[in-house]
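Undergrad:
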């Protein structure tokens with residue numbers, strides 16, 4: 010029988026935004042995302058895109074689209090919490106299972122999203 014004082018190493022350290030290296034990586038990632046997005050939008054020869062949140066369109070949308078959006082947004086939120094939190098604890102494991110369920114809802118509902126793109130991929 011093992012003694013209770015024996016503990017396995019916890020693995021990766023907790024992500025902290027106080028460390029300059031973590032902030033640098035996040036800023037480089039955001040800058041790269043912004044530049045690539047700008048290049049894609051610039052090369053499309055489309056009129057400028059204006060981002061407006063219209064809740065009425067979401068309320069009137071099909072249930073499948075609402076499920077897909079809810080699954081994707083919850084998976085994003087849970088994934089962010091998982092990456093920022095301490096690994097190996099009970100909460101991390103439960104959130105991991107919740108993330109898998111949210112991703113499954115997103116993936117399965119995507120098969121039923123038809124008609125949004127002219128019934129073609």
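In the working numbering, the protein residues as written are 10 to 130. No residue lacks a Cβ here, since even glycine has one placed at the ideal position from N, Cα and C.
#1: Check whether the Cβ atoms of residue 90 and residue 114 lie closer than 9 angstroms to each other.
#2: Counting C-beta neighbours from all protein chains within 10 Å, is the total for residue 84 16 or more, i.e. buried, or is it exposed?
#3: Could you check the C-alpha separation between residue 121 and residue 28 for me, to the nearest Å?
#4: Are three or more beta carbon pairs between the region 105-119 and the region 66-81 nearer than 8 angstroms?
#5: Name the residue from 98, 82, 97 and 123 whose alpha carbon lies nearest to the alpha carbon of residue 108.
#6: If I follow the unbroken alpha helix (DSSP H) through residue 96, where does it start and stop?
#7: Go ahead and pull the three-state DSSP assignment for residue 120.
#8: Measuring only the C-alpha atoms, how far is residue 96 from residue 87?
#9: Can you look up residue 115 in the DSSP assignment and give me helix, strand or coil?
#10: Run through DSSP, which three-state label would residue 62 get?
#11: Tell me which residue opens and which closes the alpha helix (DSSP H) that residue 46 is part of.
TA: Checking against the coordinates, here is how it stands:
#1: no
#2: buried
#3: 44 angstroms
#4: yes
#5: 82
#6: Per DSSP, residue 96 belongs to no alpha helix (DSSP H) and is neither H nor E.
#7: coil
#8: 13 angstroms
#9: helix
#10: coil
#11: 29-52
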